[in-house]
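There are 2 protein chains.
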Amino acid sequence: MPNKDGAGPRWMHGKFKCCGYRMTKPREAILDVLGNTQEHLSAEDIYLAVHKFYPNIGLTTVYRNLEMLVNMGMVVKFDFGEGRSKYELSDNYSGKGHHHHLVCKKCYKVIDYSDFMKDEVKFLKNTEDGLSKKYEFNITDHLIQFFGICKKCSTK
Amino acid sequence: MPNKDGAGPRWMHGKFKCCGYRMTKPREAILDVLGNTQEHLSAEDIYLAVHKFYPNIGLTTVYRNLEMLVNMGMVVKFDFGEGRSKYELSDNYSGKGHHHHLVCKKCYKVIDYSDFMKDEVKFLKNTEDGLSKKYEFNITDHLIQFFGICKKCSTK
DNA sequence: AATGTTAATGACAACCATTATCATTAAATA
DNA sequence: TATTTAATGATAATGGTTGTCATTAACATT
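Protein sequence lines, in the order shown, are assigned to chains V and R. For the record, in the first sequence the residue sitting at position 152 is 154 according to the working numbering, with numbers rising by one throughout. For the record, in the second sequence the residue sitting at position 120 is 122 according to the working numbering, with numbers rising by one throughout.
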């Protein structure tokens, strides 16, 4: 799963360099893991995946890098109510494209959906504009999640 | 702030009784606190407020009751990214009415807004219907939050 | 009002995701 | 290759939340 050539995409290196950061093996491995899954991974999930190839990379490092990547906007952190955060590459860096989440409250399975975005975009634009003006808030983000019970969980 | 008569609204007692639950002093005090604030309180906030009048009510009891009230649908639990959950009475039991949240990412101030709900309701209905059908999910809830920087935080 | 049943409590320990500390290592640059 | 300092890894600490268990008190029944 990780890039065995040890280089990683060129643009990535640039991205880090120009911020005064370095491209390190753990950082690259973490991005690799995030880039090669459709799942929503916890810090520990990522740690375990990375650990297979680089057994000396520690959990602390994973947390540190995730925090940094979130701050850089390359990774997004989600809370699905499971007691631990989940991470995924942000829209610009993942193949998934813009999507939102549908979360099962029982098994915490998460479905990405990107249908129904037309209404949503309109609604979001309106609301963000209105709220920004009225409450003098500089809105940078939104979180839209639907919760429910998935098919599997509803039949047991 | 708590009802000194020690009775509380009648309908509440009924609500609990018919589920096999009991109306206890801690439970009542917690509901009282939640019913008499416009703030979004953490478990500890509630504990401290309750503690003033009933110093022997413990934090564990607060957590236990909150969990139970959330399961009953009387209280809603929110995560604003602060590292601890916040609680408020659900729409049906609070004077606030249906609203959503605008959260400052720096100071975690939360603004309730109920403007712009017209678009939202339409959008939500559409999306929920579509998602339910397509993904065979029984949708029960949604979470809509806007994040940004409040005026105060942006000028310092 | 007294009693019995059992939901609920309170004190404390345990849990577990996340963060802080700090000596050591290794990217990037010259 | 040497220098600088960002980044690492091991470990301890933090802090919100949950589990345990003996005790208490709501409520229905008598």
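Backbone N, C-alpha and C define an ideal beta-carbon position, used for all residues, glycine too.
Burial state of residue i, where buried means 16 or more other Cβ atoms lie within 10 Å
i: T157 of chain R; result: exposed
i: A9 of chain V; result: Any reading at A9 of chain V needs caution, since the residue's pLDDT is 38, under 50, leaving its predicted position unreliable; the model's value is listed next. Its Cβ having fewer than 16 others within 10 Å, A9 of chain V is exposed.
i: D7 of chain R; result: For D7 of chain R, the predicted model reports a pLDDT of 35, less than 50, meaning its position is unreliable; a value from the coordinates is still stated below. D7 of chain R is exposed by the Cβ-count criterion.
i: H102 of chain R; result: buried
i: V123 of chain R; result: exposed
i: K98 of chain V; result: exposed
i: H42 of chain V; result: buried
i: Y95 of chain R; result: buried
i: R29 of chain R; result: buried
i: E90 of chain R; result: buried
i: C106 of chain V; result: buried
i: T26 of chain V; result: exposed
i: N140 of chain R; result: exposed
Under 8 angstroms between C-beta atoms of residue i and residue j
i: K88 of chain R; j: I151 of chain R; result: no
i: H144 of chain V; j: F149 of chain R; result: yes
i: Y56 of chain R; j: A31 of chain R; result: yes
i: E84 of chain V; j: L61 of chain V; result: no
i: V35 of chain R; j: V52 of chain R; result: yes
i: T129 of chain R; j: F80 of chain V; result: no
i: Y137 of chain V; j: I113 of chain R; result: yes
For residue i, the first and last residue of its enclosing beta strand (DSSP E)
i: C155 of chain V; result: Here C155 of chain V belongs to no beta strand (DSSP E); instead the alpha helix (DSSP H) covers 153-156.
i: E69 of chain V; result: Taken as a continuous stretch (DSSP letters only), E69 of chain V belongs to no beta strand (DSSP E), being part of the alpha helix (DSSP H) at 61-74.
Boundaries of the alpha helix (DSSP H) in which residue i is found, first to last residue
i: H100 of chain V; result: Premise fails: H100 of chain V is in no alpha helix (DSSP H) and is neither H nor E.
i: Y49 of chain R; result: 45-55
i: D114 of chain R; result: From DSSP, D114 of chain R is part of no alpha helix (DSSP H) but of the beta strand (DSSP E) over 112-115.
Simplified DSSP assignment, three categories, for residue i
i: E122 of chain R; result: helix
i: K88 of chain R; result: strand
i: D93 of chain R; result: helix
i: N140 of chain R; result: strand
i: K79 of chain V; result: strand
i: G37 of chain R; result: helix
i: G150 of chain V; result: strand
Residue i CB to nearest heavy atom of the ligand MG below 7 angstroms
i: F18 of chain R; result: Annotation note on the ligand MG: not contained in the displayed structure, which lists no ligands.
Residues in the segment 55-68 of chain V with C-beta within 8 angstroms of chain R's C-beta atoms, listed in sequence order? For the segment 55-68 of chain V, the beta-carbon criterion of a distance under 8 angstroms to any beta-carbon of chain R is satisfied by none of its residues.
Near-chain V residues of the segment 138-152 of chain R - C-beta to any C-beta below 8 angstroms: Residues E138, F139, N140, I141, T142, D143, H144, L145, I146, Q147, F148, F149, G150, I151, C152.
For the segment 104-125 of chain R, which residues have a beta carbon sitting closer than 8 angstroms to at least one beta carbon of chain V? Listed in sequence order: L104, C106, K107, I113, Y115, D117, F118, D121, E122, K124, F125.
Which residues of the segment 70-86 of chain V have a Cβ closer than 8 angstroms to any Cβ of chain R? Give them in chain order. Taking 8 angstroms as the Cβ-Cβ cut-off against chain R, the residues of the segment 70-86 of chain V that qualify are D81, G83.
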